[in-house]
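Chains as they are written, first to last, in full-length UniProt numbering: chain X, 1 to 296; chain A, 1 to 296. Below: the structure, in structure tokens.
There are 2 protein chains.
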Amino acid sequence: MDPILKQALGAIQADVDAGFDALLPLPGDARTRLIEAMRYATIGGGKRIRPLLLTATAELFKVDRASAVRASLAIEAIHVYSLIHDDLPCMDDDALRHGKPTVHLAFDEATAVLAGDALHAFAFEVLADPLLSGDPFTRAELVHVLAQASGHGGMAGGQMMDMAAETAEFDLPTVTRLQQLKTGALLGAAVEMGAVLGRLPGEGRTHLRGYARDIGLAFQIVDDLLDHEGDEAAAGKALRKDAAAGKQTFVSLLGADRAREQARMLVDQAIAHLAQHGAEADLLRALARYIIERDR
Amino acid sequence: MDPILKQALGAIQADVDAGFDALLPLPGDARTRLIEAMRYATIGGGKRIRPLLLTATAELFKVDRASAVRASLAIEAIHVYSLIHDDLPCMDDDALRHGKPTVHLAFDEATAVLAGDALHAFAFEVLADPLLSGDPFTRAELVHVLAQASGHGGMAGGQMMDMAAETAEFDLPTVTRLQQLKTGALLGAAVEMGAVLGRLPGEGRTHLRGYARDIGLAFQIVDDLLDHEGDEAAAGKALRKDAAAGKQTFVSLLGADRAREQARMLVDQAIAHLAQHGAEADLLRALARYIIERDR
Chain X
1 MDPILKQALG
11 AIQADVDAGF
21 DALLPLPGDA
31 RTRLIEAMRY
41 ATIGGGKRIR
51 PLLLTATAEL
61 FKVDRASAVR
71 ASLAIEAIHV
81 YSLIHDDLPC
91 MDDDALRHGK
101 PTVHLAFDEA
111 TAVLAGDALH
121 AFAFEVLADP
131 LLSGDPFTRA
141 ELVHVLAQAS
151 GHGGMAGGQM
161 MDMAAETAEF
171 DLPTVTRLQQ
181 LKTGALLGAA
191 VEMGAVLGRL
201 PGEGRTHLRG
211 YARDIGLAFQ
221 IVDDLLDHEG
231 DEAAAGKALR
241 KDAAAGKQTF
251 VSLLGADRAR
261 EQARMLVDQA
271 IAHLAQHGAE
281 ADLLRALARY
291 IIERDR
Chain A
1 MDPILKQALG
11 AIQADVDAGF
21 DALLPLPGDA
31 RTRLIEAMRY
41 ATIGGGKRIR
51 PLLLTATAEL
61 FKVDRASAVR
71 ASLAIEAIHV
81 YSLIHDDLPC
91 MDDDALRHGK
101 PTVHLAFDEA
111 TAVLAGDALH
121 AFAFEVLADP
131 LLSGDPFTRA
141 ELVHVLAQAS
151 GHGGMAGGQM
161 MDMAAETAEF
171 DLPTVTRLQQ
181 LKTGALLGAA
191 VEMGAVLGRL
201 PGEGRTHLRG
211 YARDIGLAFQ
221 IVDDLLDHEG
231 DEAAAGKALR
241 KDAAAGKQTF
251 VSLLGADRAR
261 EQARMLVDQA
271 IAHLAQHGAE
281 ADLLRALARY
291 IIERDR
């Protein structure tokens with residue numbers, strides 16, 4: 001792994017863990033089990049790709065790191081809540097996540113539903129908190145970007161399409177759209193939120209949106225490849241569930257070779273979107289390259 | 001029912017239904033089932049107590065009705081999402097809500113989880129949307145109030161305590177705290193959000209917070225009384241589940257007579273908190289009285 005990226009990933013992983021630890025203290029009452037489940041799901045584990053994207057983008061515009069890390073706790077909380085609910089028996093029914101039992105197994109189903117819901121609210125509480133930034137315009141815009149990306153027009157909508165994919169025969173444009181909603185919207189929000197913190201006006205964000213769209217799609221293609229070829233122990237989760245469920249993926253539609261080629265092309269294109277930035281965007285470039293080199 | 005209240009309830013019910021209808025159009029893609037479930041749960045049915053509280057409070061400060069109704073869609077979306085998730089088999093396992101099948105029965109469990117999650121995001125999307133109000137400070141504060149009231153320090157925390165109540169023997173202060181979180185926090189947020197829209201500074205909201213706290217507790221005591229004495233057909237939901245689950249309620253702890261007396265006292269106290277307001281607060285007064293007179 002690129003040393004710049006390795007250092008940055010280590011730093012954001014430590015910051016995100018410390019942030020959740022500080023913001024989710026155990027209360028001395030009957031809510032304890034809920035907070036324990038929230039901490040179990042958020043502290044330790046997870047690549048922290050979204051926090052890294054957000055903080056790396058914010059760094060382009062010299063945003064102070066404390067604000068960027070705080071905003072990245074919000075987007076990671078959304079990501080984690082979606083994993084908790086996705087893993088439920090009525091959804092994907094997964095037993096393992098980041099190599100440890102899923103929340104509904106480590107606790108119970110009701111606690112898993114509630115912990116997901118509470119992390120969902122936590123995300124917006126963190127973003128709207130005056131502690132995040134003195135600027136309410138920024139806070140309101142961060143909330144709007146994240147809520148849009150995670151709701152029925154983004155992640156939740158993509159998850160619904162993903163469920164429909166079990167019975168429908170989706171073509172490549174539909175699978176692309178599904179993935180742009182299911183995972184791309186939140187990755188895009190990470191970059192967008194970094195730009196919002198940097199007070200970059202909407203019309204100046206086009207190249208960053210292009211970068212996010214391209215790495216989001218590449219990320220999903222590589223996920224499909226890893227799912228197709230990977231090792232369950234290394235992945236820390238069950239694999240090849242899509243094929244078993246009869247869902248079309250980039251690999252089933254394109255074949256592994258063309259899918260890999262497509263991912264490489266998207267990463268090149270993502271890096272090209274950053275041409276107007278100098279060395280300050282090297283971390284985003286390294287992250288784009290890592291997306292196709294990773295093995296989990 | 002007080003004619004002022006009857007008129008206001010009819011108006012807010014129509015406005016809330018129209019608002020959800022307008023903001024949740026059916027998309028022409030595989031997300032349709034998700035949006036159908038969101039519409040099923042939000043349009044029609046429900047007393048709309050929280051929207052009424054929010055708009056009635058906003059009216060005290062001459063907030064334009066369109067903004068107040070829009071904010072009330074957000075709080076109602078939070079309320080509805082919590083009902084969808086509460087009704088799930090792993091939570092309360094309820095079959096009936098507002099006299100019709102619960103979302104997981106009318107659709108399926110996975111769709112119910114997702115529809116709840118999507119309504120949760122929808123709430124914050126609506127609040128943070130520049131269309132709500134030109135003032136970003138107000139939008140950020142609305143988000144903060146609602147997220148705090150619905151997260152682990154509010155509604156979700158209260159639901160966790162409620163689950164713990166099945167195995168623990170809670171005393172009156174603990175049941176009071178449980179209910180203040182589980183239902184009181186969101187009722188309080190409705191009033192608080194009306195005051196935020198009215199740009200009333202935090203230190204001027206003490207009497208409104210007192211009003212909200214008192215009617216919230218009275219509301220829950222009456223819920224317990226209706227649960228104890230009511231008719232399932234009239235209520236449109238299953239009753240006496242708390243007693244069956246061995247949970248302490250205000251009725252089990254105080255007895256029905258003292259519970260009713262306590263609710264009356266709280267309503268008087270709530271109305272006393274409004275003494276500084278004239279006729280413009282008559283709707284809030286009528287709502288407080290209705291809370292103990294209602295039969296469902």
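Glycine residues also receive a C-beta, built at the ideal position from the N, C-alpha and C atoms. Computed from a predicted model, the values in this text were never measured in an experiment.
query                                                                                                                                                                                         : result
If we require 4 or more residues per run, which alpha helix (DSSP H) segments fall completely within the region 46-83 of chain X?                                                             : 49-60
Considering only residues of the same chain and omitting the five flanking positions on each side of residue 52 of chain X, which have a CB-CB separation below 7 angstroms?                  : 8, 9, 12 and 287
With a threshold of 6 angstroms on Cβ separation, who are the neighbours of residue 107 of chain A within its own chain once the five nearest residues in sequence on each side are excluded? : 37
What residues of chain X sit near residue 189 of chain A, judged by a beta carbon separation below 8 angstroms?                                                                               : The premise fails here: residue 189 of chain A is roughly 11 angstroms from chain X at the closest Cβ pair, so nothing lies under 8 angstroms.
Between residue 136 of chain A and chain X, is the shortest Cβ-Cβ distance under 8 angstroms, so that the two count as touching?                                                              : yes
Can you give me the C-alpha to C-alpha distance between residue 212 of chain A and residue 267 of chain A, rounded to a whole angstrom?                                                       : 10 angstroms
Is there a C-beta anywhere in chain X that falls below 8 angstroms from the one on residue 210 of chain A?                                                                                    : no
Is residue 115 of chain X near residue 34 of chain X, with beta carbons less than 8 angstroms apart?                                                                                          : yes
Measuring only the C-alpha atoms, how far is residue 93 of chain A from residue 205 of chain X?                                                                                               : 46 angstroms
Got a sec? Which residues, its chain only, sit under 6 angstroms from residue 150 of chain A by beta carbon, not counting five neighbours each side?                                          : 78
Give the interface partners of residue 199 of chain A over in chain X, defined as CB-CB distance under 9 angstroms, in chain order.                                                           : Going along chain X, no residue has its Cβ under 9 angstroms from residue 199 of chain A, so there is no contact; the nearest lies around 13 angstroms.
Closest to residue 69 of chain X by C-alpha separation, out of X:137, X:210, X:16 and X:62, would be which residue?                                                                           : X:16
If you follow the alpha helix (DSSP H) that residue 32 of chain A is part of, which residue opens it and which one closes it?                                                                 : 32-42
Nearest chain A C-beta to residue 193 of chain X closer than 8 angstroms, yes or no?                                                                                                          : no
Let me confirm a value: residue 223 of chain A is counted as buried when at least 16 other C-beta atoms fall within 10 Å, else exposed. Which label applies?                                  : buried
Going by DSSP, what residue range makes up the alpha helix (DSSP H) through residue 252 of chain X?                                                                                           : 250-254
Find the nearest neighbour of residue 277 of chain X within the set X:207, X:155 and X:174, judged by alpha-carbon distance.                                                                  : X:207
With three or more C-beta pairs closer than 8 angstroms as the rule, is the region 79-86 of chain A touching the region 56-74 of chain X?                                                     : no
By DSSP, does residue 100 of chain A sit in helix, in strand, or in coil?                                                                                                                     : strand
Secondary structure at residue 150 of chain A, three-state DSSP: helix, strand or coil?                                                                                                       : helix
Give, in chain order, every unbroken run of the alpha helix (DSSP H) that is at least 4 residues long and sits entirely within the region 208-293 of chain A.                                 : 232-235, 241-244, 250-254, 256-272 and 282-293
Determine the closest residue to residue 218 of chain A out of A:109, A:95, A:262 and A:24, with distance taken between C-alpha atoms.                                                        : A:262
With a cut-off of 8 angstroms, does the C-beta of residue 67 of chain X fall near any C-beta of chain A?                                                                                      : no
Alpha carbon to alpha carbon, what distance is there between residue 143 of chain A and residue 142 of chain X?                                                                               : 11 angstroms
Please return the same chain residues whose Cβ sits closer than 8 angstroms to the Cβ of residue 187 of chain X, not counting the five positions on each side in sequence.                    : 49, 50, 53, 212, 215, 216 and 219
Going along the region 97-117 of chain X in order, which residues come within less than 7 angstroms of chain A, judged by CB to CB distance?                                                  : 109, 110, 113, 114 and 117
Taking residue 235 of chain X as the reference, which of X:131, X:45 and X:157 has the closest Cα?                                                                                            : X:45
Could you name the residues of chain A that residue 121 of chain X contacts, counting a contact when the two beta carbons are closer than 7 angstroms?                                        : 147, 150, 151 and 156
Can you tell me whether DSSP reads residue 89 of chain X as helix, strand or coil?                                                                                                            : coil
Tell me which residue opens and which closes the alpha helix (DSSP H) that residue 13 of chain A is part of.                                                                                  : 3-23
So, residue 74 of chain X versus residue 23 of chain X, is the Cβ gap smaller than 8 angstroms?                                                                                               : no
I'd like the ranges of any beta strand (DSSP E) spanning at least 3 consecutive residues and lying wholly in the region 120-187 of chain X.                                                   : none
Using a Cβ cut-off of 8 angstroms, pull out every chain A residue sitting near residue 226 of chain X, in sequence order please.                                                              : Those do not exist, as residue 226 of chain X stays about 24 angstroms from chain A at its closest Cβ, beyond 8 angstroms.
Would you tell me roughly how many angstroms separate the C-alpha atoms of residue 172 of chain A and residue 249 of chain A, rounded to the nearest one?                                     : 8 angstroms
Under a CB-based cut-off of 8 angstroms, is residue 91 of chain X close to chain A?                                                                                                           : yes
Show which residues of chain X have a CB atom less than 7 angstroms away from the CB atom of residue 139 of chain A.                                                                          : 140
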